[in-house]
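The sequence shown lines up with residues 6 to 90 when you count with my numbering.
Where is the CB? At the ideal position from N, CA and C, for every residue including glycine.
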Amino acid sequence: CLDIRAARVLLDNDHYAMEKLKRRVLEYLAVRQLKSTLKGPILCFVGPPGVGKTSVGRSIARTLGREFHRIALGGVCDQSDIRGH
Numbered sequence: 006c007l008d009i010r011a012a013r014v015l016l017d018n019d020h021y022a023m024e025k026l027k028r029r030v031l032e033y034l035a036v037r038q039l040k041s042t043l044k045g046p047i048l049c050f051v052g053p054p055g056v057g058k059t060s061v062g063r064s065i066a067r068t069l070g071r072e073f074h075r076i077a078l079g080g081v082c083d084q085s086d087i088r089g090h
């Protein structure tokens, strides 16, 4: 069972400010907990370098007790590079 309060503490400890983002992540986690489904949407963070995309992903993974995998897509311009032919 996911503890939303513990998730909030972890996000607050890992990330200063970013209140809108943290609120949205906690909403996502709360809905995920209520739905009790194993499958959920894949989160995709977009933004310029250095804004915290990777660290937020790591925090969410740690909150969920899951492994974190980073896939760099810089320079990929064709979906077949990802999906294959």
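Assuming LEU15 and THR59 make a contact with CB atoms under 8 Å, what is their CB distance in whole Å? For the purposes of this step, residue 15 is identified with residue 10 of the sequence shown, where counting begins at 1. For the purposes of this step, residue 59 is identified with residue 54 of the sequence shown, where counting begins at 1. No, LEU15 and THR59 are not in contact; Cβ-Cβ is about 16 Å, not under 8 Å.
Given this structure, state the Cα-to-Cα distance separating CYS82 from HIS90, to the nearest angstrom. In the sequence shown, residue 82 corresponds to position 77, counting from 1. In the sequence shown, residue 90 corresponds to position 85, counting from 1. Distance between CYS82 and HIS90, taken at the CA atoms: about 14 Å.
Measure the alpha-carbon distance for HIS91 versus ARG88 and round it to whole angstroms. Shown here, the chain extends from 6 to 90; a query on residue 91 therefore has no answer.
Could you please give the first and the last residue of the uninterrupted alpha helix (DSSP H) stretch that includes ALA66? Mapped onto the sequence shown, residue 66 falls at position 61. Note, ALA66: alpha helix (DSSP H), 58–69.
Assuming MET23 contacts GLY57 under a Cβ cut-off of 8 Å, what Cβ separation, rounded to an integer in Å, is found between them? For this step, residue 23 is matched to residue 18 along the sequence shown. For this step, residue 57 is matched to residue 52 along the sequence shown. Confirmed, about 7 Å.
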